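K.L.:
Sharing a structure with you now.
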Amino acid sequence: MSEIKIQLNGKEVICDSSQTILQVAEQQGLDIPNMCHDKKLEPFGSCWVCLVEVKGARGFVPSCATKVYDGMTVEIDNQKIKAARQLALELLLSNHYGDCIAPCQAACPAGCDVQGYTALLANGMEAEAIKLIKDTLPLPASLGRVCPHPCETECRRNLVEEPVSICYLKRRAADFDLNSGKPYLPKVAPDTGKKVAVVGAGPAGLSAAYYLRQKGHQVTIFEALPKPGGWLRYGIPNYRLPKEVLDQEIKTITDLGIEIKCEQTLNKDFTIESLRKSYDAVFLGFGAHASTRMGVEGEQSDGVWDGIGFLKKLALGQEIKIGKTVAVIGGGNTAIDAARTSLRLGAEEVSIVYRRSEKEMPANPFEIEEARHEGVKFKFLTAPSRVIACTQTEAGGLICQKMELGEPDASGRRRPVPQAGSDYKVEAETIIAAIGQAPDLSVLGPNHGVETTKWSTIKTDERTGATNVTGLFAAGDLVTGAATVVEAIGGAHRAAEAIHSYLTTGQALKPVKNFNITKGKINEVPKELFAHIPKAVKAQMPMLPIAQRRNFEEVEKGFVSTVAAEEAQRCLECGCADVVECKLRDYATQYEASVKRFMGEVKKHPIDESHPFLARDQSKCILCGRCVRMCLEVVGASALGFVYRGFGTIVAPSLEKPFPESSCVSCGACIETCPVGALAERPRHLKPAPWEMPKTSSVCTFCGVGCGMEIHTKDSKAVKVTGFQESPTSQGSLCFKGKFGFELIHSPERLTSPLVKQGKTLVPVEWKKAFNLVNGDIDSIVKKHGPEAVAVLASGRTSLEEAEGLRSWAAKKGVSKFSSLAYIGGRALDQLEKTLGGLNGKSYANLGKAQAVLLIGSDPYSQHPVFGQILRQAAKKDVLARQSNPTSQLFQHAGVPVYILSEKTGPLVEIAAGQFTVKAGGISSALNGALKSLPGNSNLAGFAQYKKGLAKITGSAVLKESGLKKSELEQLSQVLSRNKNLLIAFNAELIDGETAKAIGNFLLLNETPENFIALRAKANLNGVDQFVTVPADEIIKQMEQGIIKAAVLWNEDPLGSLPEGKKLAKAFSKLEKLVVADLFLTGTAKTADIALPTCAFAEQDGSFINSEGRLQHFKQAVQPVCGMTSKQIISELGGTALPGMPAEKKGARQFLAPELKKTKPVKEGFCGDVLEKMVWELKKKEGLLKE
């Protein structure tokens, strides 16, 4: 490695010769797209998305796999490179089958995240659902009642039985919000000083104002009618949309600080020009309220209404007189509304006359059916040709003619063709023409200068709503002609974003169009893909009985929460779970890739859900190989591989076995590295969706490695956990416990309130009473027996803050006995601490710097999996060197040789430079035997006794007790003698005192007293150690002797989770008072006098000290289920959380005399607390524990 100079995009850059072009570019803050690259892996160069130009090279080169050299000239961004990257992306996309966003969202004109809010409702998270809905729909309560829901037409559940009731679910969320007493209001940005005028207070105008106000602009709406709402108020009857609901919803918009001026008419009270002078931008959204004429003789006769005028007059509260017979002409929702309204106004017979068949009717099929139920008659393939006015001698009505359907017209519907001689009369005292509507552009005034169309609409840019007049924008029916409310809202939202752009940059910039791949429209998707999904009955909307529908009471009553949640569970989750973070989609958008260029055969695979915690969608896989290599090179599990060849290649477990039958260790590394969502989490505690979620940095609470993680949350629920890539400890790696064990946070078995024993039963009590009882009981014991009669015990997952709080609370009562039950049977580290005078070991980073590593009595892949990965990475180059020269017996290689001294072999043996397998309990004998042959001298205390002790140990005894061969013992001695910078790693809770003593003696002899890593069983055992004043064995002994009368256990479950639980039960049974605080009602808590809930790591802030001695901080991500953080609980008891840390224990270094004796075998499956126990039970239950 040496320092060199290269030219990068015309700039001279100094870099290291060991780096690749991609690495140098990243250091310089330059972005080169890449799909197959992961920092933990060696370059692969399979995707060719990262290609660049190097001067002198024949063609493009992959930047991830090309090393820099002195004088290199690199171009990373020009048109040729962009074209080549686009080509590479399109090749990847050509066999990428899936849906970036759910088809329901794609079908929504407003782009509402249907999958997202449906999942939230399924989880009972209604308040969060309305926030998501209102990102795109300001009027969800209204839309939930009147929207024609094109989303449901495209719902893939149609391919199973019936669509999800998407529209009703939206209404449920909105009704919940409006009835909550404090409806959701989005945040408003600081005032920009800009003013916008909005003309029209209908769906378009209200929506534009809603989004503009959130940007910080002052908005004033001008409305011609007496009240705001537009068509929602004046065109839709109360039985479909109660005006009280509309008023509530409009208030949630005006409460943002929006002013509405009603009875202000364009070109009368103000003009477009006057608005342009007074405001920085103007938005037109006054809809399409002009009725379309029938164009038949007699339509001006008395008794003939236009549909819009009829419904508007009703909404204005004006008297309407209709006859006993009514004929409504038209086939849209306005015609249906007019017909159903006529029945409610007293008409005895109402007929709808429509010139096409029912199949061609544009009205909502559900509304048609409801009209039929209420008694409306339908005359299809019938068109009016003349209106007959009522006279004293003749009943009025319509002369109609029969029609037949010919060829499709421009709308796609078959054109009605009159049948000759088919005229007949339809009697009607009242005729309502509801055949269409259009904007009234006369209100723009003369010489308005706004470009219009032949359909009497305003011409705009469809992506921005900008007109030909600078600063003037429009959307809604005024632009599209009569359409739907949701289309008006969608158009207004786009226009509002463009207006904001115009106000802040001077240009109405067009929004970036995100790339979306899709499996196709509903009729293009194979039904067979859903054959495995069980059928589920669609929820039915509670309806007002038909007999009672002679007034304007709302017909549809709405879902209750439980029904909505159950219906939402029917969602098939079609949208990609990784859409928010998908690199392929981001790059396809950036490089404007198209799937059409290489369109052809696409492989379609069923989703593999054989693993309980992850899903594999091979249809999305781009064969980048990251998951295969991550599993092999970093994790060492080799569970995934490439299966088949050529176009049929897939990634799958060996022999395409189900995941539980493979060598998968369920760490989730494949999910974390997958760039396209082909591998994704399967949360089981909630229904997931591709939400944008805040991430909170935290630390794994299980073992002592201290892996950094990020908790992704939604509405105070942890949805998933990912590795924190910048963690200096774990660099983004996690094991099963860290990746999936977090779901225990939301377990229904969590203890949520204090419990107090009454008789033989634990009953819930208020917190205040529980605090009084705890303090009263402990004070009573102290008063009666003295402070030495009380002990406080905390597990290794207790944070530093909790431990100090407990210590300070106890100290105020005079109690000083503090311990941890992790050391039942003795604390081996006492011997090491005594030898070295303290416990200041090395960091994990030193593994890669060591001359060699000796792993003693530990199987990291079982006990500390991520440490095993770190060790594997440190040894990687050494393994490659030994593979290239397998006959070499020398220990000097490019990487770090790893030697293992253990009672049995584990997965790391494949990367080991040497494996020394001893008998059960023979580790200390092997170490002392190896030490015996080491030369050396020391002035430290105890050295003479140490040498005498070694002298007493015979070689034959060592071989007998250890089970090693003589040659193996000699090789172990060489490992110790030839590697001055030898780093020793061991599981501190699984070794015995003699082994710890031997490790300490060697480190002193080698003059490297800090060259060790003591792997801890719990996240904060290193921290809790600093508070321990009495060994755990002594605590138990004093319980048995009756000296200790009361104990407070914090996160300790000795009776339920320790192997010695049954033996310990006798000691605990002698206590007069037992207080247990834990996440669950554990085996120990069930025996307690008082049980308090505590908080999981995600529910509070705190600090841990990990196995390498690193102080790590974690942040609260979700609210505690018990209502208080553990620190708050301790504070209420009277403790003070961490005013200062206890001083670190230090002493003089000294050798300790060894003893040759068979010690206890290394035990496995160490638990010590309920969380550890439950996560292993979870893994066992799901069939993921390997024998």
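Numbered according to UniProt numbering, the sequence shown terminates at residue 1187, and the numbering increases by one at each position without gaps. All C-beta atoms, glycine included, are put in the ideal place defined by N, C-alpha and C. Values in this document were obtained by computation on a predicted structure and should not be read as measured data.
Using three-state DSSP, classify H96 as helix, strand or coil.
P.N.:
Three-state result, H96: coil.
K.L.:
Report the three-state DSSP secondary structure of T341 (helix, strand or coil).
P.N.:
Reduced to three states, the DSSP call for T341 is helix.
K.L.:
According to DSSP, what are the bridge partners of R414?
P.N.:
Looking at the DSSP assignment, R414 forms a beta bridge with P408.
K.L.:
What are the boundary residues of the beta strand (DSSP E) that includes A1012?
P.N.:
It is Phe, not Ala, that sits at residue 1012 in the sequence shown. It spans F1012 to L1015 - the beta strand (DSSP E) in which F1012 sits, taken as one unbroken run.
K.L.:
Report yes or no: do the segment 854 to 872 and the segment 978 to 992 share at least 3 C-beta pairs separated by less than 8 Å?
P.N.:
Counting Cβ pairs under 8 Å, three or more are found: they touch.
K.L.:
If the criterion is Cβ atoms closer than 8 Å, does the pair A351 and A315 meet it?
P.N.:
The residue asked about is misnamed: residue 351 is Ser in this sequence, not Ala. Contact flag unset, no.
K.L.:
Which class does S843 belong to by DSSP, given the choice of helix, strand or coil?
P.N.:
If DSSP states are grouped into helix, strand and coil, S843 belongs with coil.
K.L.:
Would you tell me roughly how many angstroms separate the C-alpha atoms of L821 and G993, rounded to the nearest one?
P.N.:
So the alpha carbons of these two residues sit roughly 17 Å apart.
K.L.:
Could you tell me if V763 is buried or exposed, where buried requires 16 or more neighbouring beta carbons within 10 angstroms of its beta carbon?
P.N.:
Answer is exposed; the Cβ neighbour count stays below 16.
K.L.:
Would DSSP call E75 helix, strand or coil?
P.N.:
Looking at E75 - three-state DSSP - the assignment turns out to be strand.
K.L.:
Relative to the C-alpha of P109, which candidate in T136, E128, N95 and T118 has its C-alpha closest?
P.N.:
The candidate whose alpha carbon is nearest that of P109 is T136.
K.L.:
Out of Q1150, Q28, L972 and N939, state which residue places its alpha-carbon closest to the alpha-carbon of G914.
P.N.:
Comparing Cα positions, the closest option is L972.
K.L.:
Closer than 8 Å is the cut-off here; do at least three beta carbon pairs connect the segment 449 to 459 with the segment 164 to 181?
P.N.:
Contact fails: fewer than three Cβ-Cβ distances are below 8 Å.
K.L.:
With distances taken from CA atoms, which of A930, L934 and S938 is nearest A957?
P.N.:
Residue A930 is the option with its Cα nearest to A957.
K.L.:
When you compare each of F44, G71 and L30 to Q7 by their alpha carbons, which one comes out closest?
P.N.:
It is G71.
K.L.:
Looking only at C-alpha atoms, which of V1121, Q419 and R684 sits nearest to E1182?
P.N.:
Closest option to E1182, Cα to Cα, is R684.
K.L.:
With contact counted as at least three CB pairs below 8 Å, one residue from each stretch, are the segment 827 to 844 and the segment 1009 to 1026 in contact?
P.N.:
Output reads yes: the segment 1009 to 1026 touches the segment 827 to 844.
K.L.:
Measuring CB to CB, does P865 end up less than 8 Å from C735?
P.N.:
Yes; because the gap between Cβ atoms is below 8 Å, this pair is in contact.
K.L.:
On a CA-only basis, which of F642, P612, V635 and C631 is nearest I622? Give me that one, please.
P.N.:
Checked all of F642, P612, V635 and C631; the closest Cα to I622 is F642.
K.L.:
Does the pairing of the segment 1121 to 1138 with the segment 761 to 778 give three or more beta-carbon distances under 8 Å?
P.N.:
Segments in contact, yes.
K.L.:
Look at the Cβ atom of T430, then the Cβ atom of G303, and state whether they are nearer than 8 Å.
P.N.:
Yes, these two residues count as a Cβ contact at 8 Å.
K.L.:
Could you check whether V790 and K812 sit closer than 8 Å to each other, using their CB atoms as the reference points?
P.N.:
No, Cβ-Cβ distance for K812 and V790 is not below 8 Å.
K.L.:
Starting from V1075, trace the beta strand (DSSP E) both ways and give me its first and last residue.
P.N.:
Element bounds for V1075: K1073 to D1078.
K.L.:
Looking at the unbroken beta strand (DSSP E) that takes in T153, where does it start and where does it end?
P.N.:
Run containing T153: none in the beta strand (DSSP E); it sits in the alpha helix (DSSP H), P150 to E154.
K.L.:
If contacts are defined as beta-carbon pairs under 8 Å, then E53 and E75 qualify, I think. What distance do you get, rounded to the angstrom?
P.N.:
About 4 Å separates the two Cβ atoms, so the contact holds.
K.L.:
Count the other C-beta atoms from every protein chain shown that fall within 10 angstroms of the C-beta of T562, then say buried if there are 16 or more, exposed otherwise.
P.N.:
Its Cβ having fewer than 16 others within 10 Å, T562 is exposed.
K.L.:
At 3 residues or longer, what runs of the beta strand (DSSP E) sit wholly inside the segment 1094 to 1153?
P.N.:
The qualifying runs are 1102 to 1105 and 1111 to 1114.
K.L.:
Using the Cα positions of G476 and G625, report the straight-line distance between them to the nearest angstrom.
P.N.:
The straight-line gap from Cα to Cα measures roughly 48 Å.
K.L.:
Go ahead and pull the three-state DSSP assignment for G10.
P.N.:
Coil, per DSSP.
K.L.:
Given T265, which residues of its chain have a CB within under 8 Å of its CB, disregarding the five upstream and five downstream residues?
P.N.:
If we look at T265 and ignore the five residues flanking it on each side, its Cβ neighbours are A224 and V443.
K.L.:
Which same chain residues, not among the five before or five after D255, have their C-beta less than 7 Å away from its C-beta?
P.N.:
The residues are L185.
K.L.:
Rounded to whole angstroms, what is the Cα-Cα separation between L343 and R597?
P.N.:
Their backbone Cα atoms lie some 56 Å apart in a straight line.
K.L.:
Residue 1189 by DSSP, collapsed to three states: which one?
P.N.:
Outside the displayed span of the chain (1 to 1187) sits residue 1189, for which this structure offers no information.
K.L.:
As a quick exercise: from K966, S1126 and P606, pick the residue whose alpha carbon is nearest that of T954.
P.N.:
The candidate whose alpha carbon is nearest that of T954 is K966.
K.L.:
On the three-state DSSP scale, how would you describe F380?
P.N.:
Correct three-state label for F380: coil.
K.L.:
Given this structure, state the Cα-to-Cα distance separating G295 from V387, to the nearest angstrom.
P.N.:
Cα to Cα, the separation comes out at about 10 Å.
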